[in-house]
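Enquirer:
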Amino acid sequence: MPELPEVETIVRGIRPRLLGRRIRDAEVRWARTLGGLTRPEFDRRVVGATVAAVWRRGKHIAIDLERRGRPAGCLLGHLRMSGRLQVEPRAADPGPYARVRLGLGRGEVLTFVDVRKFGRLRFVADARAALARLGPEPLGPGFTAAWLRRGLRDRRRMLKPLLLDQTFLAGLGNIYVDESLHRARLHPSRRSDSVPAAAAERLWAEIRAVLSEAIEREGSSFDTFYRTPAGRPGSYQASFRVYGRDGDACRACGATIRKLVVGQRGTHVCPRCQRAPRSAIIPAP
DNA sequence: AGCTACTCCTGGTAGC
DNA sequence: TGCTACCAGGAGTAGC
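So the number in the working numbering is just where the residue sits in the first sequence, counting from 1, plus 276.
1) Rounded to whole angstroms, what's the CA-CA distance from Arg488 to Leu445? Just pull it up for me.
2) Just to confirm, is the Cβ distance from Pro278 to Ile290 under 9 Å?
3) With contact counted as at least three CB pairs below 8 Å, one residue from each stretch, are the region 381 to 401 and the region 412 to 422 in contact?
4) Take the Cβ of Thr420 as the centre, count every other Cβ of all protein chains shown within 10 Å, and call the residue buried at 16 or more, exposed below.
5) Rounded C-beta distance between His544 and Arg527? I'm assuming under 8 Å.
6) I'd like the list of long-range same chain contacts for Leu380, defined as Cβ closer than 8 Å, with 5 residues on each side in sequence excluded.
7) With 16 as the cutoff for other CB atoms within 10 Å, does Asp468 come out buried or exposed?
8) My output table needs one value for Thr443: the three-state DSSP class, helix, strand or coil.
9) Which word fits Asp430, buried or exposed, when buried means at least 16 other C-beta atoms lie within 10 angstroms of its C-beta?
10) Check this for me: beta carbons of Phe394 and Ser358, under 9 Å apart or not?
11) Is the Cβ-Cβ distance between Ala338 and Ala403 less than 9 Å?
12) Alpha carbon to alpha carbon, how far is Leu428 from Ala476?
13) In angstroms, rounded to a whole number, what distance separates the CA positions of His463 and Ser496?
14) Have a look at the DSSP bridge pairing and note the partners of Asp522.
15) So, helix, strand or coil for Ala463, using DSSP?
16) Please list the terminal residues of the continuous alpha helix (DSSP H) segment that includes Asp319.
17) Where does Glu279 sit, in a helix, a strand or coil, going by DSSP?
18) Can you give me the start and stop residues for the beta strand (DSSP E) that Trp331 sits inside?
19) Within the region 330 to 379, note down every full beta strand (DSSP E) run reaching 3 residues or more, in order along the chain.
20) Taking the alpha-carbon of Leu479 as reference, which of Tyr519, Tyr502 and Ala422 has the nearest alpha-carbon?
21) Taking the straight line between their C-alpha atoms, what separation do you get for Met434 and Leu280?
22) Would you list the residues sitting across from Phe399 in a DSSP beta bridge?
23) Tell me the residue span of the beta strand (DSSP E) that contains Gly427.
24) Once you ignore the five residues that flank Arg333 on each side, which residues in its own chain have a CB closer than 6 Å to its CB?
25) If distances are taken between C-alpha atoms only, which option among Arg320, Phe516, Thr532 and Ser515 comes closest to Gly523?
26) Tell me which residue opens and which closes the beta strand (DSSP E) that Ala536 is part of.
27) I need the DSSP call for Asp469, collapsed to helix, strand or coil.
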């Protein structure tokens, strides 16, 4: 599923192909992808505008628009589970899962492809306001070891659901949470306020390391959904230590990786590396 | 405050 | 082989 590293890879790939381009037309094949705006309203806001900037915040893709050199709102994309955003020749067969296509001139289109229809490509007048509820960027200056230590201490939630909560920290999903927790040797069901300072600091460092390495590898591909803008699979899946490895040996200690459910989410742990005091584990229902 | 359950969707797969 | 039933999975919302 596209998480921060995959979204970052996509943004880096499409940015040079979108900057300065004018949106000539919009073809909407699945209206819900627009997230509420009617097609005529979406058309009115988007067609004729020029792309001024392309950036990422958490798992969101922001495409700033302008008209006559003045800011004119933003296309805010979220790929959810199966979304893809790609610049391609208009003549290319969009396939059955293309939900929105935006004409860019020069025979090119920006296509939002999404098998499961959970993704969104919304027009918003003010992107910063739309993203205001998100927590800090894990690779940005606002995410410090001290901030995380305090954030864990001040809540009484299971670590995994807390790290998945985008209003706490923006950009982590199921894969990179499991990987980060394993590398920090912390159990996903552990109560956040039971984590000692040293372990919180470890978690901070591992979250940043996992995300940085995954960006270097252009994200993770293990099904047909995620591809880089160049059409290649990412390669970080080869570095997974726990995700999708249930039944295999832990690369750190040799114990068998287990799959369990934490907060209704499939979760991968090494039962030896990720132990915690019984009192600190929030029991499954 | 923080949990579970439910919703949105479809392709893939387990089970028969 | 062909069928059905169920599941995964981000995020929002409702209810406890």
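Ideal Cβ positions, reconstructed from N, Cα and C, are used throughout, including at glycine.
Expert: In short, the structure shows the following:
1) The sequence shown places Ser at residue 488, rather than the Arg named in the question. For Ser488 and Leu445, the distance between alpha carbons rounds to 16 Å.
2) no
3) no
4) exposed
5) That belief does not hold up - the Cβ atoms of His544 and Arg527 are roughly 12 Å apart, past 8 Å.
6) Leu294, Arg297, Arg298, Ile299, Arg300, Val363 and Leu386
7) The sequence given here has Ser at residue 468, not Asp. Ser468 is buried by the Cβ-count criterion.
8) Thr443 falls in the coil class under three-state DSSP.
9) By the neighbour-count criterion, in which 16 or more other beta carbons inside 10 Å mark a residue as buried, Asp430 falls on the exposed side.
10) yes
11) In contact: Ala338 and Ala403 (Cβ atoms closer than 9 Å).
12) 8 Å
13) 23 Å
14) None; Asp522 has no bridge partner.
15) One point to set straight first is that residue 463 is His, not Ala, in the sequence displayed. Looking at His463 - three-state DSSP - the assignment turns out to be coil, as it is neither helix nor strand.
16) Arg315 to Val322
17) In the three-state DSSP reduction, Glu279 falls in the coil class, being neither helix nor strand.
18) Thr326 to Arg333
19) You should have 336 to 343, 346 to 354 and 359 to 365.
20) Ranked by Cα distance from Leu479, the first of Tyr519, Tyr502 and Ala422 is Ala422.
21) Met434 and Leu280: Cα-Cα distance of roughly 21 Å.
22) Leu351
23) Not the beta strand (DSSP E): Gly427 falls in the alpha helix (DSSP H), residues Ala421 to Arg429.
24) Leu407
25) Thr532
26) Just to set this straight, residue 536 is Leu in the shown sequence, not Ala. Going by DSSP, Leu536 is part of the beta strand (DSSP E) stretching over Arg534 to Val538.
27) helix
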